[in-house]
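Have a look at the structure below before the remarks.
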Amino acid sequence: MEPTESAPDEPALLEDAPLDLPEATETATFGMGCFWGPDARFGALCGVDRTRVGYAGGTEPDPTYFALGDHTEVVRVAYDPELLSYEDLLETFWTNHDWHSSAPKRQYRSVVLAHDDDQYEIARRERAALAERTGRSPATAVERLSAFYSAEPSHQKYELRSRPTVGDGLEALYGDAFVDSTIVARLNGFAAGHGDRSQRETLLAGLDLPAPLLAELRRTL
Ligand code: MHO
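Numbering (the working numbering) for the sequence shown: 18 to 238.
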C-alpha cells in the first residue's frame, strides 16, 4: 500500500535555488538500523527528492517510537529513476550498515521492503549476488511493504535538528514543508558529513536565506 501524502511545495524564498530537481516517480524503503543515519545518507544523494523516516515491516497498527510493536525503523526514499536506479539505492543500503549479523532487536533489523514485484525480484537477486561475492550469508530480509507509518517529527531530518543553530531556523522558515523538502534532505545529509564541498557550495549559493542563517549553515555544515 503506497502512502498518498503529497509533498508541500518548497517555500517561495527558496524557489530560485539553481538545482533542477525533478519530481520523484519511484519510492524505496529500507530498514538498516537506527533510521537517523540512513535518512541523512540517502538525503545526500543527487537524484533523491525526498526522505522520510518511519516504522514498517510489522503487522500492528499505528506504531510509535515508544510502542513499536513488531515494526522496524525504516527510511523511505523518493527518487528520480533517471538519475538513480533501484540497484544504486541497494548498493548504498548494503554498503552502509551491518548486514552480516542479525540485529539484537527487530527494531533495527536489516530489511528491504519492496514496493512492487520488480523491486522484490531485484532485491532478492542482489542479495544472492552479495552472498556469492562475499561468501557471507546476508541477514537482510527481503519482504513486500504493506504499510508505512511516518515517525514523529522529532525523528525526521534528525542530523539537522540536532544542530539547533541551523535546524531551528530552517524549520521555522519551512514550516510543514520541512520534512519533505529536497533542500532540507540535502542539508540533513551535509550535516551528517555526506556530500562533497562543491555539492554543498552549489546548494548554499542558490539559497535565498536570511544572511545570519546562511552564514551559520556555512559554518556548521
Ligand atoms: N541509539 C539511539 C537510537 C535512536 S534511534 C531513533 C538513541 O537512543 O540515542 O533508534
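Note that the Cβ used here is the ideal one computed from N, Cα and C, for glycine as well.
Are the Cβ atoms of residue 171 and residue 178 separated by less than 9 Å? Locating residue 171 in the sequence shown gives position 154, where the first residue counts as 1. Locating residue 178 in the sequence shown gives position 161, where the first residue counts as 1. Yes.
Which of the three DSSP states, helix, strand or coil, is assigned to residue 130? Numbered from its first residue, the sequence shown carries residue 130 at position 113. Of the three classes helix, strand and coil, the one that applies to residue 130 here is strand, per DSSP.
Distance, Cα to Cα, residue 85 vs residue 143? Within the sequence shown, the letter at position 68 stands for residue 85. Within the sequence shown, the letter at position 126 stands for residue 143. So the alpha carbons of these two residues sit roughly 29 Å apart.
Opposite residue 48 in the DSSP bridges: which residues? What you label residue 48 is simply residue 31 of the sequence shown in a count that begins at 1. According to DSSP, residue 48 bridges with 128.
Mark residue 44 as exposed unless 16 or more other C-beta atoms lie within 10 angstroms of its C-beta, in which case mark it buried. Counted from its first residue, the sequence shown places residue 44 at position 27. That one is buried.
CA nearest to the CA of residue 173, picked from 198, 77 and 162: Sequence index remark: in the sequence shown, residue 173 carries index 156 (1-based). Nearest of 198, 77 and 162 to residue 173, Cα basis: 198.
Taking the alpha-carbon positions, what's the residue 102 to residue 109 distance? What you label residue 102 is simply residue 85 of the sequence shown in a count that begins at 1. What you label residue 109 is simply residue 92 of the sequence shown in a count that begins at 1. Their backbone Cα atoms lie some 11 Å apart in a straight line.
Output the distance between the C-alpha atoms of residue 93 and residue 229, rounded to the nearest integer angstrom. Counting from one through the sequence shown, the residue named residue 93 turns up at place 76. Counting from one through the sequence shown, the residue named residue 229 turns up at place 212. About 32 Å.
Determine the direct distance from the alpha carbon of residue 78 to that of residue 140, and round the result to whole angstroms. Along the sequence shown, one-based indexing puts residue 140 at 123. Along the sequence shown, one-based indexing puts residue 78 at 61. Looking at the two C-alpha atoms, the distance is approximately 26 Å.
If you pair each beta-carbon of the stretch 156 to 165 with each one of the stretch 61 to 76, do three or more pairs fall below 8 Å? yes
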